[in-house]
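To start, the structure under review is shown below, and the notes come after it.
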């Protein structure tokens, strides 16, 4: 683990006050580099405002509440992902999460129809996603959940998905699009706007099973969505850094938000992710103001209650 790069002091300062809105830490159903409590202590040390606990299989608002009590200076936030383990498109689960203070609702990831149907392959040398082995084990046992669809054969968002969107809007949570396809994402985002959802983030549009085109990303930005740029996507070789930078420039800095998607044992420390991302962006010619906008301003827009956001 000692061969990981160390963020510069300049990058640390630029991302101070940011939320990392996408981390995978213990406890989880697979090995993780760090647990949520130790990560909170480390975020306090490096000046991050907080982080959102992402799990493909578990709701995390209760965990977040306990960590906030122990480390109150770091705003640790819960979330829910609507995979099979949570009952798929389950408005009751979302309502419970909302009442417990969850901040982000991810649409299906590993169990989405797009992910299951995808034949896209990683770039040569890319590091496979850790959840792939777990999904394969479920499949070997014959207990893999049903595919979770969000759009019908007619291309219309399912009524149950609209129920979920209304719950998200009522609790002022943020919607994340999970591992849906580009076409599905555009339809769902438009439905979310119609149902009153005020914050939408398109989950790692450069990811292998998604690879949204610039035109698709621009259309989503026009609908008011933020495009999530995850550090691990280029770091693990799933997209070239140059392509990611080109997408940010084409879509616009103000429409992008940085997150790490870290927590894997073989990857850099989670608390370093945003600063390491900042260093790469600075090297690529992005200004300090642009990095600050993506890392701090836009992450706080997603993570903080609407009445508390101060851009």
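In our numbering, the protein residues as written are 7 to 317. Glycine included, every Cβ here is placed at the ideal spot set by N, Cα and C. These numbers come from a predicted model, not from an experiment.
Which residue's Cα is closest to the Cα of residue i: the options?
i           : options            : result
residue 280 : 251, 238, 245      : 238
residue 28  : 16, 22, 42         : 42
residue 30  : 97, 83, 220        : 83
residue 88  : 285, 80, 69, 60    : 60
residue 309 : 265, 289, 297      : 265
residue 46  : 99, 250, 276       : 276
residue 117 : 52, 62, 68, 67     : 62
residue 189 : 177, 223, 105, 54  : 223
residue 185 : 121, 197, 270, 195 : 121
residue 99  : 272, 35, 75, 177   : 177
residue 250 : 270, 290, 231      : 290
residue 130 : 9, 243, 307, 256   : 243
Sort out for me which residues DSSP pairs residue i with in a bridge.
i           : result
residue 234 : 263
residue 14  : Paired residues: none, contrary to the question.
residue 332 : Nothing in the structure corresponds to residue 332, since the chain is present only between 7 and 317.
residue 386 : An answer regarding residue 386 cannot be provided, because it is not within the stretch 7 to 317 covered by the chain.
Helix, strand or coil for residue i, going by three-state DSSP, please let me know.
i           : result
residue 4   : Residue 4 lies beyond the stretch modelled for the chain, which goes from 7 to 317, so this question has no answer here.
residue 317 : Caution applies to residue 317, whose pLDDT of 34 falls short of 50 and renders its modelled position unreliable; the model cannot decide the point.
residue 47  : helix
residue 27  : strand
residue 164 : coil
residue 7   : Here the model assigns residue 7 a pLDDT of 45, short of 50, so the residue's position is not dependable, and the following value carries that caveat. If DSSP states are grouped into helix, strand and coil, residue 7 belongs with coil.
residue 119 : helix
residue 57  : strand
residue 77  : coil
residue 302 : helix
residue 245 : coil
Note the first and the last residue of the continuous alpha helix (DSSP H) segment covering residue i.
i           : result
residue 98  : 97-105
residue 199 : 188-200
residue 159 : Careful: residue 159 lies outside any alpha helix (DSSP H) and carries neither H nor E.
residue 279 : 279-289
residue 146 : 137-147
residue 221 : 220-228
residue 273 : No alpha helix (DSSP H) contains residue 273, which DSSP labels as neither H nor E.
residue 298 : 294-298
For the putative contact between residue i and residue j, defined by C-beta atoms under 8 Å, what is the C-beta separation to the nearest angstrom?
i           : j           : result
residue 166 : residue 95  : 5 Å
residue 225 : residue 192 : 6 Å
residue 126 : residue 235 : About 19 Å separates the two Cβ atoms, so there is no contact after all.
residue 293 : residue 263 : No, residue 293 and residue 263 are not in contact; Cβ-Cβ is about 17 Å, not under 8 Å.
residue 108 : residue 85  : 5 Å
By the DSSP assignment, the beta strand (DSSP E) with residue i in it spans what residues?
i           : result
residue 64  : Premise fails: residue 64 is in no beta strand (DSSP E) and is neither H nor E.
residue 207 : 206-208
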